[in-house]
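Heads up, the thing below is written out as structure tokens.
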Amino acid sequence: MPEALDKRLAFSTNAYLNYSFADAVTRLAKIGYGAVEIMADVPHAWPAYLLDEQKQAIRDALRKNNLKISNVNSFMMHAVNDPRQKYWHPSWIEPDRHYRQIRIDHTKRALTLAKELGAACITTEPGGPVEPGASWKDALSLFVEMIKPVAEHAEKEGVLLLVEPEPGLLIETCEQFEEFMKHVDSPAIGMNYDVGHAFCVKDDPATTIPRVAKYIRHFHLEDIAATRVHAHLIPGEGVIDFAAALRALNAAGYPGWVTIELYPYVANPDDAASLALERVRKIINTL
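Just so you know, we're using our numbering here: the sequence shown kicks off at 13 and counts up by one.
This is how it looks when you write it as structure tokens:
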């Protein structure tokens, strides 16, 4: 039996851009989280320039605070600082093959970093925005072509590579994710189910979680307003029915971490993390 859900709540360090990793995890441990999602990016763990002593400092900070790693987030790429979007550019399907190679190399490094830190999985973006006038089918084919050798690297490292459907990118819906999975044959590929993203694209979590449960290896949680505009909110500030979503997750026998992801709250991440934990625990207690 999986550990009780309220013992499997984590928080993403991508809300702590103004803090060192050690400071961020110390704060999150005091708030009451059992694990953290590590951002494979500046300022915490950019894999391309992470010295051995810096990796050891990450391990030491986690050990000191008795925290586990829920996931390594390699989705965001602030270090590249693309003026179009800091999170998903460069994407897997950039027109310039040299530019998309940056995403490929970064993901491979993140997989190796996850192995070195003892993390089970990393998350990545689901193909990036489709170029205007381009075919979705062709873009999917390119994504599959690009990710297959990275999946082989994931298998070699013994780390899961989780694709995260995202509003406005190549793979937005669970149906599109299922289509993607028809074209990949790797035990290392899975899904990071983001409940807010699902709500944005009108994928009802209560019904889509059972549908893709066999692929879910990590779970993101945040609220979204009734407008379905993709803007992460503290649980309780939007309209998502978290009880229904978490019941579906429990019914599917999901044993992993539920990571609360509130990266817009960089101005005051402690309050956001604390309030989110309090509210989500209350919901879990009603299940």
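Glycine included, C-beta positions come from ideal geometry on N, C-alpha and C.
Discussion item. Just verifying my parser: in three-state terms, what is the DSSP assignment at M158?
Written reply: helix
Item to complete: Classify A131 as helix, strand or coil using the three-state DSSP reduction.
Response: coil
Worksheet entry | Endpoints, beta strand (DSSP E) assigned at S82 | Per DSSP, S82 belongs to the beta strand (DSSP E) from K80 to N85.
Worksheet item: Can you round the beta-carbon distance between I295 and A255 to whole angstroms, since I take them to be within the 8 Å contact cut?
Response: 5 Å
Practice prompt. With a cut-off of 8 Å on the beta carbons, I'd call L299 and I272 a contact; round off their distance for me.
Written response: The pair is not a contact, with the Cβ atoms about 17 Å apart (cut-off 8 Å).
Worksheet item: Between W104 and R115, is the Cβ-Cβ spacing less than 8 Å?
Response: yes
Practice prompt. With distances taken Cα to Cα, identify the nearest neighbour of F12 among W269, N297, L182 and P59.
Written response: Residue 12 is absent from the model: the chain starts at 13 and stops at 299.
Worksheet item: Can you name, in chain order, every residue of its own chain whose Cβ lies under 6 Å from the Cβ of A200, other than the five neighbours on each side?
Response: A163, A166, E167, L172 and L173
Worksheet item: Under a three-way DSSP split, which group does G4 fall into?
Response: Absent from the model: residue 4. The displayed extent of the chain is 13 to 299, so no value can be given.
Discussion item. One question on the structure: do I246 and G208 come within less than 8 Å of each other, judged by their Cβ atoms?
Written reply: Against a cut-off of 8 Å, the Cβ pair of G208 and I246 comes out as no contact.
Worksheet item: What are the residues that DSSP puts in a beta bridge with I116?
Response: None, per the DSSP bridge assignment.
Worksheet item: Along the chain, where does the alpha helix (DSSP H) that runs through T38 open and close?
Response: F33 to I43
Worksheet item: For L21, which of helix, strand or coil comes out of DSSP?
Response: strand
Discussion item. Quick test of the definition: if touching needs 3 or more C-beta pairs under 8 Å, does the stretch 28-48 touch the stretch 58-65?
Written reply: no
Worksheet item: Excluding sequence positions up to five away, which residues of its chain have a Cβ less than 7 Å from the Cβ of L261?
Response: These residues qualify, in order along the chain: I221 and F231.
Discussion item. Can you check which of these residues, M88, D35, V92 and Q113, is closest to E176 by C-alpha distance?
Written reply: Nearest option by C-alpha distance: M88.
Fill in: Element boundaries [alpha helix (DSSP H), containing E372]
Since the first and last residues shown for the chain are 13 and 299, residue 372 lies out of range.
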